[in-house]
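Structure, as C-alpha cells:
Protein chains in written order, with the working numbering: chain A, 1 to 254; chain B, 255 to 484.
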C-alpha cells in the first residue's frame, strides 16, 4: 500500500537546542497514527514541520510521493491536501463559524460562495455544530471552537489531517465531545496523525503509536504493545505517569 | 460703522463658509494617510529589511517635524508643485492635504503596525495551513482583524487631524479658523466670543464622534473576542 505521507529523517534545532533528531515514519491510507511523549519532546514541532509551517533544517516530507520541500508555489497547493487542527483552535476571530469553514474552499479551492457554504454547513453538521453556524468563535466554548476547527479542516477534503494536541487546551468536561468527533471521522477511514495524551482515544482507533522523547522516536508499536508491555524504560515511565494523572481505568480497560 | 452681528450669526457664517473646507481637509487627509499608513505598516511588518528601513525613516522624519513646518514646506516652499490643481486656492488646498496626510500617515502606520502585530500569530498559521498564500492570509485574515483592532486608535487620529486642520489657516487655506480670524479683524471687540464659537464647532465635531465610535467598537471587538477590554 502506498504511503499518503512519508516523513524522512527530519532534523530541527532552535539555536543550540536540538528539537528533532532524525524522525522518520510513514502514514498509510486510512491509518490513524498517534504520537505521544513528554512535553518538550518535539511533537508539536514535528507536526508543524510536516506541512512546512516551520521549515526543517534537514530531511524531507512527501505527500503521495511529492516532496513538500521542492518549490514554494507548489507548497500552498500541497498544504490544501493536509488538514491541520490546532491546540488553540486558531479559528479566524472576525468570521462566523460557517465562514471559518467556508473560507478555505472558497478562497483556496475556488468554489463559489454557495458551494462553499453548502460544504461548510455539511461539515458543521458532521461535528454537531450546525446550530452554531452564525456564531463568532468568541461566543463558543472551547470544545465547540475545536469542533469548528475540525470542520474547517475536513471542509478542504484533505488526504490526511494533523491534530496537534487538540484537547489539551480544553476543560475536562469538554474533551469528550471533541474526542467523539475525532473517533467518528477516524472510523470513516480518515487518515490522521494525532499528537495526544488521550490514551483512550489511542487505544480505540490508532493503528500505530509512536513514543517520542527528546527529539527521537524511542519506541513504536500497536496500542496493545504499549499497554501490555512497552519495552523502553522511558515509555514505561511516561505511561505510568499518565496513569497516575488520568486514573487506572483509562489504560487498564480493554 | 455697521452693527456687529450676533455670535449666533457668526457661528452660522463660520460653519457655512469654513466647515466644509475643514471637513474636506480632515477626511481627505485621513483617507490618503490611511492608504499610505497601511502601506508603511505592511512594509514594516512583512517587508524585506530595505523597505523596513524606508518605512522607519519616513515615520521618524514626519513625526519629528512640527506640522506647521511641514505646511510651510508644502504650502509655500513647494507650492509650485501643486499649481496643476488650477487656481491658487486649489493649489493651497492640495498642498495642505499633502502635508496633513503625509504627517498623519506616519502616525497611522504606527497604529496599524501595532494592530497587525497584536493579531495572534496563530491566525496566520491557520490561514497558511489551509493553503492560503501569505498575501491571501494577510488580506483576508490578518488585516480585517487588525483594522478592527486599530479603530479606537484611528478615531483618536481623526480627533488629532480635525483639530490640526486649524493650522492650515497659516498658509491661507480658508477653513474654519481662517474665517473666524477674519471676523475678529472686522470685530476686534468680539475676539473672545468669536474664538470660543469656533472652539465649540471643533469640539462638536470631535468629541461625539470619538465617543460614539469608541463605544460601538469596544462592543463589537468584545463580540469578536479581540481585546476591547474583556
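Virtual Cβ for every residue (Gly too), placed ideally from N, Cα, C.
Cα-Cα separation, residue i to residue j
i, j, result
"residue 412 (chain B)", "residue 280 (chain B)", "8 Å"
"residue 478 (chain B)", "residue 21 (chain A)", "41 Å"
"residue 130 (chain A)", "residue 4 (chain A)", "31 Å"
"residue 174 (chain A)", "residue 140 (chain A)", "12 Å"
"residue 484 (chain B)", "residue 138 (chain A)", "Bear in mind that the predicted position of residue 484 (chain B) carries a pLDDT of just 36, short of 50, making it too unreliable to give a figure here."
"residue 103 (chain A)", "residue 164 (chain A)", "21 Å"
"residue 456 (chain B)", "residue 296 (chain B)", "33 Å"
"residue 195 (chain A)", "residue 468 (chain B)", "43 Å"
"residue 74 (chain A)", "residue 199 (chain A)", "36 Å"
"residue 192 (chain A)", "residue 153 (chain A)", "12 Å"
"residue 379 (chain B)", "residue 398 (chain B)", "16 Å"
"residue 352 (chain B)", "residue 283 (chain B)", "7 Å"
"residue 343 (chain B)", "residue 462 (chain B)", "31 Å"
"residue 414 (chain B)", "residue 430 (chain B)", "16 Å"
"residue 238 (chain A)", "residue 223 (chain A)", "15 Å"
"residue 316 (chain B)", "residue 354 (chain B)", "10 Å"
"residue 298 (chain B)", "residue 396 (chain B)", "15 Å"
"residue 134 (chain A)", "residue 166 (chain A)", "23 Å"
"residue 117 (chain A)", "residue 6 (chain A)", "33 Å"
"residue 381 (chain B)", "residue 314 (chain B)", "33 Å"
"residue 394 (chain B)", "residue 388 (chain B)", "10 Å"
"residue 179 (chain A)", "residue 18 (chain A)", "32 Å"
"residue 323 (chain B)", "residue 288 (chain B)", "22 Å"
"residue 211 (chain A)", "residue 312 (chain B)", "53 Å"
"residue 332 (chain B)", "residue 307 (chain B)", "26 Å"
"residue 49 (chain A)", "residue 418 (chain B)", "51 Å"
"residue 266 (chain B)", "residue 285 (chain B)", "27 Å"
"residue 482 (chain B)", "residue 261 (chain B)", "Its pLDDT being 44, under 50, residue 482 (chain B) is placed unreliably by the model, and nothing is read from it."
"residue 158 (chain A)", "residue 302 (chain B)", "33 Å"
"residue 187 (chain A)", "residue 201 (chain A)", "12 Å"
"residue 338 (chain B)", "residue 328 (chain B)", "14 Å"
Supposed contact pair residue j and residue i - C-beta distance, whole angstroms, cut 8 Å
i, j, result
"residue 480 (chain B)", "residue 402 (chain B)", "6 Å"
"residue 105 (chain A)", "residue 119 (chain A)", "5 Å"
"residue 160 (chain A)", "residue 61 (chain A)", "Wrong, their Cβ atoms sit about 11 Å apart, outside the cutoff."
"residue 404 (chain B)", "residue 363 (chain B)", "Their Cβ separation, rounded to whole angstroms, is 10 Å, which puts residue 404 (chain B) and residue 363 (chain B) out of contact at 8 Å."
"residue 171 (chain A)", "residue 37 (chain A)", "So it is not a contact: roughly 23 Å between Cβ atoms."
"residue 215 (chain A)", "residue 162 (chain A)", "Actually they are not in contact, since the Cβ atoms of residue 215 (chain A) and residue 162 (chain A) sit about 18 Å apart, beyond 8 Å."
"residue 78 (chain A)", "residue 68 (chain A)", "5 Å"
"residue 270 (chain B)", "residue 428 (chain B)", "The Cβ separation is near 12 Å, so there is no contact."
"residue 445 (chain B)", "residue 264 (chain B)", "Not really, about 11 Å apart at Cβ, beyond 8 Å."
"residue 359 (chain B)", "residue 290 (chain B)", "4 Å"
"residue 183 (chain A)", "residue 204 (chain A)", "6 Å"
"residue 385 (chain B)", "residue 76 (chain A)", "5 Å"
"residue 410 (chain B)", "residue 464 (chain B)", "7 Å"
"residue 432 (chain B)", "residue 272 (chain B)", "7 Å"
Nearest to residue i (by Cα), restricted to the options the options
i, options, result
"residue 330 (chain B)", "B:450, B:388, B:422, B:473", "B:422"
"residue 185 (chain A)", "A:10, A:30, A:44", "A:30"
"residue 325 (chain B)", "B:392, B:318, B:349", "B:349"
"residue 132 (chain A)", "A:95, A:239, A:201", "A:95"
"residue 407 (chain B)", "B:355, B:272, B:369", "B:369"
"residue 80 (chain A)", "A:231, A:228, A:241, A:156", "A:156"
"residue 25 (chain A)", "A:40, A:63, A:54", "A:63"
"residue 168 (chain A)", "A:93, A:246, A:220", "A:246"
"residue 23 (chain A)", "A:220, A:189, A:225, A:232", "A:220"
"residue 41 (chain A)", "A:127, A:188, A:197", "A:197"
"residue 124 (chain A)", "A:45, A:107, A:145", "A:145"
"residue 372 (chain B)", "B:400, B:346, B:392", "B:400"
Whether residue i touches residue j by CB criterion (7 Å)
i, j, result
"residue 207 (chain A)", "residue 98 (chain A)", "no"
"residue 234 (chain A)", "residue 218 (chain A)", "yes"
"residue 58 (chain A)", "residue 11 (chain A)", "yes"
"residue 434 (chain B)", "residue 452 (chain B)", "yes"
"residue 90 (chain A)", "residue 376 (chain B)", "yes"
"residue 181 (chain A)", "residue 147 (chain A)", "yes"
"residue 177 (chain A)", "residue 149 (chain A)", "no"
"residue 366 (chain B)", "residue 416 (chain B)", "no"
"residue 209 (chain A)", "residue 226 (chain A)", "yes"
Residue span of the alpha helix (DSSP H) that contains residue i, given as start and end
i, result
"residue 439 (chain B)", "430–440"
"residue 389 (chain B)", "388–391"
"residue 131 (chain A)", "From DSSP, residue 131 (chain A) is part of no alpha helix (DSSP H); its letter is neither H nor E."
"residue 311 (chain B)", "303–317"
"residue 418 (chain B)", "397–418"
"residue 447 (chain B)", "445–478"
First and last residue of the uninterrupted beta strand (DSSP E) at residue i
i, result
"residue 13 (chain A)", "3–14"
"residue 28 (chain A)", "17–28"
"residue 33 (chain A)", "32–36"
"residue 300 (chain A)", "Absent from the model: residue 300 (chain A). The displayed extent of chain A is 1 to 254, so no value can be given."
"residue 220 (chain A)", "216–221"
"residue 99 (chain A)", "Note, residue 99 (chain A): premise wrong, no beta strand (DSSP E); alpha helix (DSSP H) at 97–107."
"residue 161 (chain A)", "160–164"
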